[in-house]
Amino acid sequence: MGMSDLYGPADRAESLATIHAALAAGINLLDTGDFYGMGHNELLLREALRGRARERVVISVKFGALRDVKGGWTGIDGRPAAVKNFLAYSLQRLGTDYVDVYRLTRVDPAVPIEDTVGAIAEMVKAGHVRHVGLSETGADTMRRAHAVHPVCDLQIEYSLLSRGIEREILPTARELGIAITAYGVLSRGLLSGHWSKERAVAPGDIRGFLPRFAAANLGRNLALVEALRAVAAEKGTTVAAIAIAWVRSRGADVFPLIGARRRDRLTEALAALEIDLTAEDLARIEGAVPPGAAAGDRYATAQMAHLDSERGHSAR
Ligand SMILES: NC(=O)c1ccc[n+]([C@@H]2O[C@H](COP(=O)([O-])OP(=O)(O)OC[C@H]3O[C@@H](n4cnc5c(N)ncnc54)[C@H](OP(=O)(O)O)[C@@H]3O)[C@@H](O)[C@H]2O)c1
Numbered sequence: 563m564g565m566s567d568l569y570g571p572a573d574r575a576e577s578l579a580t581i582h583a584a585l586a587a588g589i590n591l592l593d594t595g596d597f598y599g600m601g602h603n604e605l606l607l608r609e610a611l612r613g614r615a616r617e618r619v620v621i622s623v624k625f626g627a628l629r630d631v632k633g634g635w636t637g638i639d640g641r642p643a644a645v646k647n648f649l650a651y652s653l654q655r656l657g658t659d660y661v662d663v664y665r666l667t668r669v670d671p672a673v674p675i676e677d678t679v680g681a682i683a684e685m686v687k688a689g690h691v692r693h694v695g696l697s698e699t700g701a702d703t704m705r706r707a708h709a710v711h712p713v714c715d716l717q718i719e720y721s722l723l724s725r726g727i728e729r730e731i732l733p734t735a736r737e738l739g740i741a742i743t744a745y746g747v748l749s750r751g752l753l754s755g756h757w758s759k760e761r762a763v764a765p766g767d768i769r770g771f772l773p774r775f776a777a778a779n780l781g782r783n784l785a786l787v788e789a790l791r792a793v794a795a796e797k798g799t800t801v802a803a804i805a806i807a808w809v810r811s812r813g814a815d816v817f818p819l820i821g822a823r824r825r826d827r828l829t830e831a832l833a834a835l836e837i838d839l840t841a842e843d844l845a846r847i848e849g850a851v852p853p854g855a856a857a858g859d860r861y862a863t864a865q866m867a868h869l870d871s872e873r874g875h876s877a878r
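Under this note's numbering, the first residue of the sequence shown carries the number 563, and numbering increases by one thereafter.
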């Protein structure tokens, strides 16, 4: 996402080099959205994957977000005809005849999830999609979708700062055999050890609008990061690596999705794979960043209202 949109300018050559370095390190899950830079990210992936065997990567695509020419967000479209239209364009941009996991980015309030998933299921039958995924849905929607076609994973924010899924969504996913693909594992950089009060936010970087980065909350959140840095230092590692290792420790069915857009960040993230957290480490980590400690919601109020996963819950 950050290679094409939403986090300020990205360097194209460095983005491609980062994807190549990830593949070389054995990473094979690549997540994108057709709306990330209005097709930019899918074209970037196509370029990165040129000349490589298609079956060696798992491409996960989100669709459904509507945008205008200035990049503004104008709604969600989960109608069956739209699903097939979005997919046709994605396959063309990606230069492939199938997507491994296809998911609606946000539930369309005007279209029953059964209809959207039913259309993806048709595309599975036709061989253009391998698996049905979900994004930011709550437990009820997960059950309804899974009843239409088996769902392989739910992509949802999950980190030391965002543990809301532990109450109902994670147990329901486990009951149904649905994996969790966790995003925002580094809380979009806030929980990376590289954010500071002094860091200027570039124009177009949505972090300028996210409540947890707002001046009123940032100091409290960075104090949590400093507490985590002390734990990381004792383990001889970094804040980012320990935050990723914590998400990995949640279970074999929880997959951290990391938004590295530079090779140095990727190297730092990969170090998490070498960390084994003991029960004592976990207690110290959760002592530094207790559940619900984050100041501010994970999205601004208007976007929170679009999250099916937040119906009747607090994200904290
Ligand atoms: N389903 C959904 O609703 C949804 C929502 C958001 C994202 N996603 C998916 O999840 C992916 C990850 O999300 P995210 O980028 O917000 O999550 P993230 O991994 O929490 O944050 C990534 C950002 O953290 C900063 N960072 C600092 N140190 C890092 C390190 N060692 N490794 C990686 N990043 C580091 C980087 O910002 P700087 O480069 O500015 O330093 C980077 O862009 C996205 O690419 C997208 O595919 C899905």
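Glycine included, every Cβ here is placed at the ideal spot set by N, Cα and C.
Item: Considering only residues of the same chain and omitting the five flanking positions on each side of isoleucine 847, which have a CB-CB separation below 8 Å?; Value: Leu722, Leu790, Val793, Ile804, Trp808, Leu839
Item: Under 6 Å from any heavy atom of ligand 1, does the C-beta of glycine 798 make it?; Value: no
Item: Per DSSP, what are the beta-bridge partners of glutamate 719 in this structure?; Value: Tyr745
Item: What does the alpha-carbon distance come out to for the pair serine 577 and threonine 799?; Value: 25 Å
Item: Thinking C-alpha only, which one of Ala681, Val686, Gly739, Arg729 is nearest arginine 705?; Value: Gly739
Item: If you scan the region 598-686 from start to end, which runs of the beta strand (DSSP E) of 3 or more residues do you find wholly inside it?; Value: 620-625, 627-629, 635-638, 661-666
Item: How about aspartate 662: is its C-beta nearer than 7 Å to some C-beta of chain D?; Value: Reference to chain D is not applicable here, since this structure consists of a single protein chain.
Item: Judging by CA-CA distance, which residue of Thr658, Pro642, Tyr598, Arg629 is the nearest neighbour of arginine 608?; Value: Thr658
Item: Taking the runs of the alpha helix (DSSP H) that are 4 residues or longer, which of them lie wholly in the region 787-858?; Value: 801-810, 825-832, 841-850
Item: Could you tell me the alpha carbon to alpha carbon distance between arginine 827 and tyrosine 861, rounded to whole angstroms?; Value: 24 Å
Item: What are the start and end residues of the alpha helix (DSSP H) that includes histidine 582?; Value: 574-586
Item: Under a Cβ-count criterion, where at least 16 other Cβ atoms within 10 Å of its own Cβ denotes burial, should serine 758 be classed as buried or exposed?; Value: exposed
Item: So does the region 576-595 actually touch the region 608-621, counting three or more Cβ pairs closer than 8 Å?; Value: yes
Item: Taking DSSP as the reference, what is the three-state secondary structure of leucine 784?; Value: helix
Item: In the DSSP assignment, what residue or residues form a beta bridge with aspartate 593?; Value: Ser622
Item: Taking the Cβ atom as the reference point for each residue, do glycine 695 and aspartate 677 lie within a distance shorter than 7 Å?; Value: no
Item: Confirm the yes/no value for this check: CB of valine 661, any heavy atom of ligand 1, distance under 6 Å.; Value: no
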